[in-house]
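Numbering (our numbering), first residue to last: 250 to 601.
Ideal Cβ positions, reconstructed from N, Cα and C, are used throughout, including at glycine.
Values in this document were obtained by computation on a predicted structure and should not be read as measured data.
In what follows, a single structure is set out as structure tokens and then discussed.
This is the structure in structure tokens:
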């Protein structure tokens, strides 16, 4: 595939800011722009893979000194929720990662996009289009004063929870096999947050939210329902994946889902195993298309936040997935919808 053949990809989720933050490198701009071994996304590999941009997540990491991996290494049907993160710690890491995002923009590595028009303009100029996203809102106070500050700084998308409880609701534990019905839904503060996001035109991400919380958002929100990086529960029965009724609710709202590349959410056995084929990824895409229609499916890689199939490897491997769906018989128009056009349409309808 030549550069001129590359299909642009706008991706629903990556954790590259967390990787840069945890690198403790004093020059993260150089680390990202020059590209070094490790991780999934940097500028040279993004260009090689046709990566046009995406939701750049800020995820407040666990703070315990002897922390285990955020995601368990083997499937379990009784995995507990990870512990809460204190707001002060979450605020510190959130601001630090936001600073990295701003520094990357100043260095010319990407453009922070506050509207769908900004995304289109960045793509037209060949600049990575970054949407400021938060995954787990522990940094936001229940009174929502910090929400106003973050929105003014460019925040346009958020996931109310990661897979742990906070002041606003409960996530799903990393259980397999398990339904996502694992606990109580949104708190009163969480319900107020949903309404505030609608007013501010901040897109709400349902990935990591449990079933009752999903129902609460569906009942309260006047925006399309979106899961930026989730898969099909009927194929992989992980609590992180979406059941038939959830997919139906997303379709009814005119929403969409981004395919998560994490092997533990793809495989029928729920295992994190890099020896995972493109075929299972295409199977999830097929199933999402059947459930949501051609306008409801995108990509949500989870690059820099998960073990992904070795056949993809990193962001430079995106054309391999594009080739796999083309080989399945998908036409160019449908491939472009899945790769970027559906996300552009969704951003137009959510953040404006």
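Between the beta-carbon of residue 587 and that of residue 547 there is about 6 angstroms, and that keeps the pair under the 8 angstroms contact cut. In its chain, beyond the 5 residues on either side, 309, 334, 336, 339, 415 have a beta carbon closer than 7 angstroms to the beta carbon of residue 387.
Counting only runs of 3 or more residues that sit fully inside the region 513-591, the beta strand (DSSP E) segments are 546-548, in chain order. Under the DSSP assignment, residue 268 falls in the alpha helix (DSSP H) whose first and last residues are 265-272. With respect to the 9 angstroms criterion, residue 523 and residue 557 are classified as neighbours on the basis of their beta carbons. The alpha helix (DSSP H) runs lying completely inside the region 422-460 and spanning 4 residues or more are 437-449, given in chain order. With contact defined as three or more Cβ pairs closer than 8 angstroms, the region 502-509 and the region 537-552 are in contact. Runs of the beta strand (DSSP E) spanning 3 or more residues and lying entirely within the region 305-386 occur at 359-361, 377-384, in chain order.
Residue 498 and residue 467 do touch by the CB rule: their CB atoms are close to 5 angstroms apart, below 8 angstroms.
If you keep only unbroken beta strand (DSSP E) runs of at least 3 residues inside the region 476-517, you get 505-508. For residue 407, the enclosing beta strand (DSSP E) covers residues 404-408. When only Cα atoms are considered, residue 417 and residue 503 end up about 25 angstroms apart.
Cβ contact annotation for residue 564 (same chain, cutoff 7 angstroms, sequence separation greater than five): 289, 290, 294, 295, 298, 300, 552, in chain order.
The three-state secondary structure of residue 262, taken from DSSP, is strand. Between residue 412 and residue 452 a beta carbon distance of about 20 angstroms is seen, past the 8 angstroms cut, so the two are scored as non-contacting. Around the Cβ of residue 342, a 10 Å sphere holds 16 or more other Cβ atoms; the residue is buried. Within the same chain, 288, 553 come within 7 angstroms of residue 268 by CB-CB distance, once the 5 residues on both sides are set aside.
In the structure shown, residue 601 adopts coil according to DSSP, grouped into three states.
DSSP places residue 472 in no alpha helix (DSSP H); its state is neither H nor E. For the 9 angstroms CB-CB criterion, residue 505 and residue 380 do not form a contact. Taking 9 angstroms as the cut-off, the beta carbon of residue 311 is found no closer than this to the beta carbon of residue 329. In this structure residue 321 touches residue 423 by the C-beta definition: roughly 5 angstroms separates them, less than 8 angstroms.
Proximity to residue 283 across 264, 541, 357 peaks at 357, based on C-alpha coordinates.
In this structure, DSSP gives residue 297 a helical state, which the three-state scheme calls helix. About 13 angstroms separates the beta carbon of residue 593 from that of residue 256, a gap too long to meet the 8 angstroms contact definition. Nearest to residue 481 by alpha-carbon distance, out of 446, 465, 429, is 429.
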